[in-house]
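Below: one structure, written as structure tokens.
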Amino acid sequence: MHWSRHLVSALLAAVLLVGRPVAAQAATPSPAPLPPHDLAHPVVMQEAAQAESRASVPRLAPFTGAASLTPRKPAAAGGGSVGGPQREVFGFALASSLADPAIGYPSWDFNLLSTVAVFGLHVTTDGTFINDNGMVVWNSGQLTGLLNTAHPKGVRVVETIILQDFTAGTPSMCAGLQNRATTVSLAVQQMQAKGVDGINVDYEGLNGTCPNGQSARSMMTDLVVRLRAAMGSRAYLSVDTYASAAADPYGFFDLGGMAPSADSFFVMEYDMEYSNWQHAPLSCSRFCLGPTSPLTGYYYNETTVTAQYLNAVSPSKVIMGVPYYGRKACVAAAAANQVPTATVTADGYQDAVYDAYQQPAPVAHHLDANDPAGAEAWETWYSSAQGCTKELYWDPAGSLSAKYALVNRDGIRGVGLWNLNFGGGSQELWDALAQHFSSNVFSASSSQLYAVHDSDGSSWQEVDPTRLRLTLAPTTSETAVLAAAATLWTDTAGWNQDLGIFVSVNGGGDQLLTWKESGSVKAAYSPNASFAEVAYGLSAGSVYTVKLKLKANQPAAGVGVYSGAGTSASGFSPTTLMAHLYPAGSNPYMRTAARLYQLADSDGATWSDIDPGFRVGLVPTTSGTALISASFDLWTDSAGWNQDLGLFISTNGGSDQLLAWKESGGVAAAYSPTPAFVQSTATITSGSTYLVKLKWKANKPAPGVSIFAGAGTAQTGFSPSRLLVELSAGGNPLRVVSSQLYQLFNSDGSSWLDVDPARLRLAVSPGASVIAIIGVNADVWTATPGLNQDLGIFVSRDGGADQLVAWTESGDGGAAYSPNASYVQAAYPMVSGSSYVIKLKWKANRPVGGSTIYSGAGTSATGFSPTSLAAYLEPPASSASSVSRAQLFTLAASDGSTWKDLDGGLLLSVVPPADGSALLGGSADLWTDTAGYNQDLGLFVSTAGAADQLVAWKESGGSAPYSPNAVYVQAALPVTHGVAYTAKLKWKANRTASGVSIYAGAGTAATGFSPTRLTVQLQPPQVSAHSEQLYTLANSDGVSWTDLDASALQVAVTPAAATTARVGA
């Protein structure tokens, strides 16, 4: 849905190629002009002001009283807050589409906003407000709705007062400023009557001497001073200023004069092409297209403008205004910086995305060569509708991220968005804000189908420069763990798919950091889940752009390689790029090598070092837990042999101990690399030394056969292999694991039996009340087709009877000897003073005289894959909750696209006591009565009563009907204290299923059905203390430390297990 469909067409009206829009207001005698100044005033806000004033809106419900602002706790620096962005994020809201569900405030993420300025109330020459569309919306229930959404989140809402005049002599501006006392009185009345939190001043004009003998500059300054006096010190006051104002001592804005009264200056650092065209590097003879908000490389640019403002006012008052729009026009040729041959129009962000990536016409994509660090995009295509070549300059999310990085680097107050309606709910825009202003975990994700056609096998092509880029600007030296995940496939057998992570430093060339190859030489249309990960050092003060690229493994004329599984109707699996930042010099530890490894004639039993240098040494200074993982592209030169990858650790020079292993391969094909990933945990103790190693072998004796690690060729280079060790606090989770083959003979289909009463049980005696999040992972299978395997979690309290708390069923009715990685989870409350025993039990799904079910993949010669039981202990019920239903659910005739509530009772409502994140989990045993139809399980969340939003989903299926699969779907999302969240489970078929039913719940009415479960885990609430009073310390001796407030400002913590406390004041 496009912005132009929601906003009035006048807002997209043409900008004259020479000159700027004029205000249609009454003339008065012209002032005596000063030399030309105010050269960098933007055009777009004048367009918007005129369009908003003329817009028509339907009859609206009247304004009613709204919720008051819930203050956020102040952040340590910048203009942000705890529970919101760490710097101020200021966004304009257009009145004409304020409540539009697609682009208005219902689509915005208020967790990432600080201030919303409603645009706005138009001032006339006598100082009063015009009764136009802006005033109609301001007096309506739409403002009530905005306040009721923003204020509980701690987001300010301010009114914008608007007066703009660039006609000769600016007579309307002179008259309006002369009547500023009236405006101040009316604006403050509106602020108080509506309960909003301040005023934003959008007065745009030229300096000169007005008929009353005063300069426009001096009266503008006095307007701001008077507003502050009338508003009081607690209300928020901001002023929109030109990019050129800080270097223009005679312009319309006197920054030094306004600074004592204004909280912030919203610097309109966009529409710079209207000033840059006549300067180098363009030096066009007349207006030509170019970046609207360049980072560097142009006469007016974000970097220089911000530096000028920092020389003029405090960084705490500077907000960098950035564009959620671009500019497009018909041009004579498909080349950079063309002179428009027709009118220039604004292209809101959503429309720019459509023009660049979604329209039917072929589009040529480019990045601006004069500002490589800024990554501004320009696109060209032929418009058959207009009969001309079109050219568009715009800022994708990656370009905006580069500007956000500058905000953090220069330490200014924050970023400003013109405007929120142009971006609406575009997730990549909210992700970019989150990446730079809220967390040390940055991610980008897109659920689109991506394609690379006719790859030459050597040139990497970026997957999506708009949505799948990360910009990192560390203020201290850090280590970034970069990870990419994609589901890759091809339309032609014989070609593999290469996925690469690249980085550019300070706008330099792209460097390949790591890559993985995936594919099967014998099959097309067979998606493979590919995962690439690498650690990379970051230096303070540099800006890093992380990119995701794709290619074929060899020249592929007429062949397409793709990222994204699914269909256009059901949606495609996400392609993701993530960065996790750690302090440099310690955690994590990384080893990587981009070479081909070969192991010949493995005996199938002996583990061999892959590379003696491929190991990590640890000398921990604190005790804790090491999370160890490795990823390799494994393959063989002979069909029928698989490859085993193992993690080993030795302690204090002792023998190597196997921690975990995985088997990879395909018995039907050779020369088919498979990305293998193995992970485990190890307890580490301060004072000991550890050596982590990586080893491998074949799955059985392999005389004359070689196995390999590393995809690619000597000419193209080999995909990197990686070993990663991350350290964390110990004691949590509790985990037991067994690597043996378990067998259950002659199950009666109803009696649950211990899988291993000695090894696979956990004893827990919590020192405080907790919620135990219990998880079981096992590779289960059978030798008898049509027989399924049930896994169950049981808990006994204080020696009492075992209670079934969760179970799942797994199988494939059409095949034997086919292990399924089954996972089941439960949340179980435990109280201090009691003892609990957690057990793992299993059974067949029906009586199986003479048949056997198994847990553990592998052979007795090589060993079997681990079966594990783990329990993560969380604080009590306020932080973790679960709901389940043990019944059979049925969904008939799904249309394949509409998500339906699985059950009205399968929902959880939580109100977090502190800001943090929620981990959501949903599990169900899904199946169908008709082969060929899969089942989709989705997690949805409603925030503060708003519409349900899909946050994660999984698809399940099998080669046969009546074969339940244990499906587990998980998601994490940020949450804000005091806000109500409702999580739900929904489902559908993967395609239109007329006459077909899908089911949740394995078992029978006689034996009972396996539970369908929904779990929500909140991060432990923080312990804090604060005081809002004045403290005084007199006659300090300079040596003795004195309690600031011994009663109010102290925190007592009694941890139930060893942990790490993050303490701040």
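First residue of the sequence shown: 11, per our numbering; consecutive thereafter. Every residue, glycine too, gets a C-beta built ideally from N, C-alpha and C. Every value quoted in this text rests on a predicted model; they were computed, and no experiment measured them.
Classification of residue i by the beta-carbon crowding that lies within 10 angstroms, buried from 16 upward
i: residue 407; result: buried
i: residue 693; result: exposed
i: residue 291; result: exposed
i: residue 411; result: buried
i: residue 708; result: buried
i: residue 910; result: exposed
i: residue 69; result: exposed
i: residue 767; result: exposed
i: residue 8; result: Residue 8 falls outside the range modelled here, since the chain spans only 11 to 1075, and no answer is possible.
i: residue 65; result: buried
i: residue 590; result: buried
i: residue 841; result: exposed
i: residue 328; result: buried
i: residue 260; result: exposed
i: residue 1076; result: Outside the modelled stretch of the chain, which goes from 11 to 1075, sits residue 1076, for which no answer is possible.
i: residue 868; result: buried
Selected residue, minimal CA-CA separation from residue i, among the options
i: residue 296; options: 216, 987 and 350; result: 350
i: residue 838; options: 775, 510, 892 and 790; result: 892
i: residue 500; options: 490, 476 and 529; result: 529
i: residue 1019; options: 512, 817, 224 and 790; result: 817
i: residue 920; options: 179, 373, 990 and 857; result: 990
i: residue 578; options: 906, 957, 790 and 711; result: 906
i: residue 339; options: 496, 868, 397 and 102; result: 397
i: residue 54; options: 319, 382, 354 and 99; result: 354
i: residue 937; options: 1012, 957, 502 and 849; result: 1012
Own chain partners of residue i with C-beta closer than 6 Å, once the 5 adjacent residues on each side are dropped
i: residue 453; result: 588
i: residue 762; result: 802, 851 and 853
i: residue 514; result: 520 and 555
i: residue 995; result: 912, 916, 932 and 1024
i: residue 1007; result: 900, 902 and 939
i: residue 508; result: 525, 527, 561 and 563
i: residue 1144; result: Since the first and last residues shown for the chain are 11 and 1075, residue 1144 lies out of range.
i: residue 557; result: 472, 479 and 512
i: residue 325; result: 421 and 422
i: residue 815; result: 803, 805, 836 and 838
i: residue 383; result: 305, 306 and 517
Helix, strand or coil at residue i [DSSP, three-state]
i: residue 145; result: helix
i: residue 132; result: strand
i: residue 761; result: coil
i: residue 286; result: helix
i: residue 472; result: strand
i: residue 271; result: coil
i: residue 335; result: strand
i: residue 987; result: coil
i: residue 161; result: helix
i: residue 802; result: strand
Contact set for residue i: own chain, Cβ-Cβ below 8 Å, skip 5 residues either direction
i: residue 439; result: 334, 359, 407, 410 and 433
i: residue 245; result: 201, 207, 208 and 209
7 Å Cβ shell around residue i - same chain, five flanking residues per side excluded
i: residue 121; result: 94, 163, 984 and 986
i: residue 477; result: 407, 438, 454 and 456
i: residue 769; result: 746 and 748
Check whether the segment 226-237 touches the segment 269-287, counting contact only when three or more Cβ pairs, one atom from each stretch, lie closer than 8 Å. A contact between stretches requires three or more CB pairs, one per stretch, nearer than 8 Å, and the segment 226-237 meets this requirement with the segment 269-287.
Do the segment 158-165 and the segment 190-202 meet, that is, are 3 or more Cβ pairs less than 8 Å apart? The answer is no - the segment 190-202 does not touch the segment 158-165, with fewer than three Cβ pairs under 8 Å.
Do the segment 472-481 and the segment 535-547 make contact, defined as three or more Cβ pairs closer than 8 Å? Counting Cβ pairs under 8 Å, fewer than three are found: no touch.
Count the CB pairs spanning the segment 749-766 and the segment 559-574 that are closer than 8 Å, and state whether there are at least three. The segment 749-766 vs the segment 559-574: no contact.
At least 3 beta-carbon pairs within less than 8 Å: the segment 978-997 vs the segment 942-958: With a cut-off of 8 Å on Cβ pairs, the segment 978-997 is in contact with the segment 942-958, counting three or more such pairs.
How about the segment 895-907 and the segment 787-795: do they share at least three Cβ pairs that are nearer than 8 Å? At 8 Å Cβ cutoff, the stretches do not touch.
Would you check if the segment 117-131 and the segment 141-154 touch, i.e. whether three or more CB-CB distances between them fall below 8 Å? Segment contact: the segment 141-154 against the segment 117-131, three or more CB-CB distances shorter than 8 Å; contact assigned.
Check whether the segment 172-189 touches the segment 94-114, counting contact only when three or more Cβ pairs, one atom from each stretch, lie closer than 8 Å. Flag = no, the segment 172-189 and the segment 94-114 do not touch.
Kindly confirm or deny that the segment 367-386 and the segment 418-438 touch, where touching means at least three C-beta pairs closer than 8 Å. Counting C-beta pairs closer than 8 Å gives fewer than three between the segment 367-386 and the segment 418-438, which falls short of the contact rule.
For the pair the segment 457-467 and the segment 382-394, tell me if three or more CB-CB distances fall below 8 Å. The segment 457-467 vs the segment 382-394: no contact.
Does the segment 299-313 come close enough to the segment 329-348 that 3 or more CB-CB pairs lie under 8 Å? Judged by Cβ distances under 8 Å, the segment 329-348 makes contact with the segment 299-313, as three or more pairs qualify.
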